[in-house]
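Quick note on the working numbering: the sequence shown kicks off at 1 and runs consecutively. Backbone N, C-alpha and C fix where the C-beta goes; we use that ideal spot for every residue, glycine too. Comments concern the structure below.
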Amino acid sequence: MSYKIRLGLFLGCLLLLVAVAGLIGCGIRTENTSYFYSPGWTAGGNIIFIKGLQSVSKDIIGSQTGSSYTESVTTMTAAGAGETFWFDVTGAPPHAMSCAPTGTEYVAYMDQQDGATGLFGKVIIRNIAAGTHSGLEKVELSFSPGIKSFDWSSDATRIVYCTTQEVRTIKLDSTGNTLVTAESNLSFVTWKYGARIAFVHGSPSILSLIYADGTGRLNLAAAASVTKPQISAGNTNEVLGIAGGSFCSVNVSGTPATTEVFAGFGGDLPRLNPAADTVTYSKAGESSGIYLLNLSAKTESKLK
């Protein structure tokens, strides 16, 4: 075979390879899958949540050529419309997001979880107000030993938190770290509305309420207690939470007793909206999902 023929064949094969490569390159497509979890409420009644985006690139024959995963803190309306990106949290997703109940729109969340103890070393506060920001932009509160749970004070000037042994409050500038009460086996604390702090402790779980100055402590019976409680903005004597696999309410005035609102509740961390008529949550064991529970109609719906 002559040199010219061999050269011609070589060039022909090379052009064929370039053409095939170009065809494959032109056939690259990206498949996106979104995940939604850990919802809560802003003071304005929007839903704040974590959005995960899985992107997978595939060639013309369906083979994966690349992938990426990102997460962000996002808000949307209570109807599920108008998503707004706030900040990226890829690799460090927030835990137990809670928004300030009044004043500037802030979101706070726990970070730096200790794998051995399950405690968190930080509460991070971020400004999510629309338009030009004023005041605090980002604050980090550090705790050693770590904390189990936290929430905002009703005037949004302090954070209430619990370790396994104490309920305490602290100002946003890290000053005024004050003991509210000591207790063993603490697991959860909430405030946000009204004058009293609600906290859960013991086994079986006991719900207690106390004023921020440490006075007026009220311990409910185990049968009248709920876990992962939320204080109602509409009636601060009403606390809602999980009891015996149901979502329940308990009126802590008079003789407290739980009232079932929704049976077979699978929510992981229920959050009550400022209007005190809707609860949002993700479900334990589900990688994606934002649910709403209408308290008056006692109906559950999946928003995303």
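DSSP beta-bridge partners of residue i
i       : result
Val-123 : Met-110, Leu-141
Tyr-69  : Gln-54
Lys-283 : Gly-267
Glu-260 : Cys-248
His-133 : Looking at the DSSP assignment, His-133 forms no beta bridge with any residue, so it has no partner.
Ser-34  : Leu-53
Ser-98  : Ala-108
Arg-196 : Tyr-211
Gly-254 : DSSP, once it has assigned bridges, lists no residue as partnering Gly-254.
Asn-46  : Paired residues: none, contrary to the question.
Met-186 : Contrary to the premise, residue 186 reads as Leu rather than Met in this sequence. Bridge partners of Leu-186: His-201.
Asn-237 : According to DSSP, Asn-237 bridges with nothing at all.
Contact set for residue i: own chain, Cβ-Cβ below 6 Å, skip 5 residues either direction
i       : result
Thr-30  : Ser-55, Ser-57
Lys-149 : Before going on, a small fix: residue 149 reads as Ser here, not Lys. Counting only Cβ-Cβ distances below 6 Å, and skipping sequence neighbours, we find Cys-162, Phe-188, Val-189.
Arg-158 : Thr-169, Lys-171
Val-20  : Note that Val-20 has pLDDT 41, beneath the 50 cutoff, so the model's placement of it is unreliable and the number below is only indicative. If we look at Val-20 and ignore the five residues flanking it on each side, it has no Cβ neighbours.
Thr-70  : Leu-53, Thr-90
Pro-94  : Tyr-109
Gly-216 : none
Phe-87  : Val-73
Nonlocal neighbours in the same chain, by C-beta distance under 7 Å from residue i, ignoring five residues either side
i       : result
Asp-155 : Thr-102
Tyr-281 : Pro-39, Gly-267, Asp-268, Leu-269, Pro-270, Arg-271, Tyr-291
Leu-7   : At Leu-7 the pLDDT is 40, less than 50, meaning the model places this residue with poor confidence; the figure from the coordinates comes in the next sentence. Excluding residues within five positions, none has a Cβ falling inside 7 Å.
Tyr-211 : Ala-195, Arg-196
Gly-22  : Any reading at Gly-22 is ruled out, since the residue's pLDDT is 45, under 50, leaving its predicted position unreliable.
Ala-221 : none
Ala-92  : Asp-111
Glu-260 : Ser-246, Cys-248
Ser-296 : Asp-277
Pro-256 : Leu-220, Ala-224, Val-250
Other residues of its chain near residue i: CB distance less than 8 Å, five sequence neighbours each side excluded
i       : result
Arg-168 : Val-160, Tyr-161, Cys-162, Asn-177, Thr-178, Leu-179, Val-180
Leu-15  : Residue placement at Leu-15 is poorly supported in this model, since its pLDDT is 43, which falls under 50; the coordinates are not used for a value here.
Nearest residue (CA-CA) to residue i, options the options
i       : options                            : result
Ser-75  : Thr-42, Asp-151, Tyr-281           : Sequence inspection shows Thr at residue 75; the Ser mentioned does not correspond to that position. The shortest C-alpha separation from Thr-75 is found at Thr-42.
Tyr-193 : Leu-141, Asn-185, Ala-233, Phe-143 : Ala-233
Glu-183 : Tyr-37, Ala-198, Ser-63, Asn-235   : Ala-198
Phe-262 : Lys-298, Val-239, Pro-229          : Lys-298
Lys-171 : Ser-142, Tyr-37, Gly-66, Gly-264   : Ser-142
Phe-85  : Ile-50, Ile-124, Asn-294, Ala-275  : Ile-50
Ser-174 : Ile-48, Val-139, Gly-214           : Val-139
Tyr-109 : Ala-116, Thr-117, Cys-99, Gly-115  : Cys-99
His-201 : Glu-166, Pro-145, His-133          : Glu-166
Ser-246 : Gly-254, Leu-293, Gly-82           : Leu-293
Val-279 : Ser-287, Glu-286, Val-239          : Val-239
Phe-36  : Ser-68, Ser-72, Thr-65, Gly-27     : Ser-72
Gly-82  : Ile-61, Leu-136, Ile-47, Thr-65    : Ile-47
Asp-59  : Phe-87, Gly-66, Ile-28, Pro-256    : Ile-28
Ile-231 : Thr-215, Asp-213, Gly-244, Val-250 : Val-250
Pro-145 : Gln-64, Ser-134, Ala-116           : Ala-116
Lys-228 : Gly-289, Asp-213, Gly-214, Gly-244 : Gly-244
Gln-113 : Glu-286, Ile-147, His-133          : Ile-147
Asp-151 : Leu-209, Met-97, Glu-300, Ala-78   : Met-97
Cβ-Cβ separation, residue j to residue i (assumed contact under 8 Å), whole Å
i       : j       : result
Ala-284 : Thr-258 : Not confirmed; about 20 Å, so no contact.
Leu-303 : Gly-80  : 5 Å
Gly-45  : Ser-34  : Not a contact, Cβ separation roughly 23 Å.
Ile-206 : Val-226 : Contact doesn't hold; Cβ gap of about 10 Å is too wide.
Thr-164 : Leu-136 : Between Leu-136 and Thr-164 the Cβ distance is about 29 Å, and since that is not below 8 Å, they are no contact.
Heavy atom of the ligand ATP within 7 Å of residue i beta-carbon
i      : result
Gly-44 : No copy of the ligand ATP occurs in the structure displayed, which carries no ligand at all.
Assess, as a yes-or-no matter, whether the region 92-110 is touched by the region 119-136 under the definition of 3 or more beta carbon pairs within less than 8 Å.
In this structure the region 119-136 touches the region 92-110; the number of beta carbon pairs closer than 8 Å is three or more.
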